[in-house]
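Numbering (the working numbering), first residue to last: 3 to 153.
Structural data, given as structure tokens:
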């Protein structure tokens, strides 16, 4: 893949054009990464009881479904979110990825993976005792995203 930047002082507004032979997951990821960077969605509203919190997404370890409620886990806290997991998948930055039917995690906060070939692998996060699972079905995509984002 080539990356090319052309400077044209006559243009009014910057424009990014991606030319590709076919639309594949790499192109989609590049588009999402650029969109995330341009839109700078870095905070989201979370709830704990009747209090609303605005928290940086980088501080979120993972989102999980528990009794039809979506919880967001930070190092110290658990907050409720008003979105479904499929909605979060569409709106979160590229460093978040679905790792099971009930979990989306932030690959930037992963510190270790206890791989289990026969069942789910256990993921540990920086500066906390909290863990979550990566199902076998999602493991390959998780590893690819982990490498892409953490280069």
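For glycine and all other residues, C-beta sits at the position ideal for the given N, C-alpha and C. The structure displayed is predicted, hence computed values, not measured ones.
Taking the continuous alpha helix (DSSP H) assigned at residue i, which residues delimit it?
| i | result |
| --- | --- |
| residue 92 | 87–93 |
| residue 150 | 138–151 |
Grab the span of the beta strand (DSSP E) containing residue i for me, first residue to last.
| i | result |
| --- | --- |
| residue 100 | 98–102 |
| residue 68 | 64–68 |
| residue 118 | Residue 118 -> no beta strand (DSSP E), and no H or E assigned at all. |
| residue 107 | 105–108 |
| residue 71 | 71–75 |
Give the straight-line distance between the Cα atoms of residue i and residue j, rounded to the nearest whole angstrom.
| i | j | result |
| --- | --- | --- |
| residue 69 | residue 117 | 27 Å |
| residue 127 | residue 82 | 20 Å |
| residue 147 | residue 18 | 23 Å |
| residue 7 | residue 67 | 42 Å |
| residue 29 | residue 103 | 25 Å |
| residue 25 | residue 88 | 21 Å |
| residue 35 | residue 72 | 24 Å |
| residue 9 | residue 15 | 12 Å |
| residue 121 | residue 136 | 9 Å |
| residue 133 | residue 61 | 15 Å |
| residue 149 | residue 108 | 13 Å |
| residue 54 | residue 85 | 14 Å |
For residue i, does the count of other Cβ atoms within 10 angstroms reach 16, so buried, or fall short, so exposed?
| i | result |
| --- | --- |
| residue 46 | buried |
| residue 63 | buried |
| residue 112 | buried |
| residue 140 | buried |
| residue 5 | exposed |
| residue 20 | exposed |
| residue 119 | exposed |
Under the DSSP definition of a beta bridge, which residues are partnered with residue i?
| i | result |
| --- | --- |
| residue 49 | 54, 82 |
| residue 133 | 126 |
| residue 112 | 127 |
Considering only residues of the same chain and omitting the five flanking positions on each side of residue i, which have a CB-CB separation below 6 Å?
| i | result |
| --- | --- |
| residue 129 | 77 |
| residue 115 | 123, 125 |
Under 8 Å Cβ to Cβ from residue i, same chain only, skipping five residues before and after it: list those, please.
| i | result |
| --- | --- |
| residue 91 | 98, 100, 106 |
Excluding five sequence neighbours on each side, which residues of the same chain lie with their C-beta closer than 7 Å to the C-beta of residue i?
| i | result |
| --- | --- |
| residue 22 | 29 |
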